[in-house]
Amino acid sequence: MKTKTVSDCQIIKLPLIKSDRKGSMTPVYNNKHIPFQIQRVYYLYDIPSGAERGGHAHKELQQLIVSASGSFNVEVNDGKNKIKFKLDRPSYGLYLPPMIWRELKNFSGGAICLVLASLKYDENDYFRNYKEFIRNKWKS
Ligand code: TYD
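In structure tokens, the structure reads:
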């Protein structure tokens, strides 16, 4: 399979169901709104001001990252190009394919980062060293 680039990292508009005076809801279906089957959900919260998360890439994992509350930036990098996304609406998610270095920064107070993931947690799926990621990313 052709290696993914930052142009494969895309904002996906999710369904938004607004109820009169009762707030909003966003449902997400496997393979309908996102191009994978969800095997795991996790969320980041109580993030101190100035903290940065991510700083790694995944070999196989696909993810949808959503700001369930507040806002934060996701910087994606394929070793050739970088793009910065701001996530600040629960009805939009950022799709990340495998083999993309990501850094999550600028969390607002009370931000909640919701992640829908295609695989269970596996430390062997991570590149945590940027140079090692780059060596593997563009080898043919
Ligand atoms: P990590 O993926 O590095 O978090 P972030 O990119 O948000 O900074 O994970 C932080 C720690 O949590 C690490 O020790 C692995 C553990 N972890 C799990 O046990 N299960 C999970 O589903 C995830 C995502 C992380």
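Just so it is clear: in the sequence shown, position 35 is 264 by the numbering used here, and no numbers are missing. Even for Gly, the Cβ is constructed at its ideal location relative to N, Cα and C.
Pairing I341 with Y271 gives a Cβ-Cβ distance that is not under 8 Å.
The beta-bridge partner set that DSSP reports for M254 consists of I246. Judged by the Cβ position, L325 fails to qualify as a neighbour of the ligand TYD at the 7 Å threshold, every heavy atom of the ligand being at least this far. The ligand TYD never approaches G279 closely enough for any of its heavy atoms to be under 7 Å from the residue's Cβ. When beta bridges are read from the DSSP output, K349 appears opposite no residue. Residue side-chain check: L273 places its Cβ nearer than 7 Å to a non-hydrogen atom of the ligand TYD.
In this structure, the straight-line span from the alpha carbon of S320 to that of K368 is close to 37 Å. Taking 8 Å as the cut-off, the Cβ atoms of I294 and L325 count as close. DSSP lists no bridge partner for R357.
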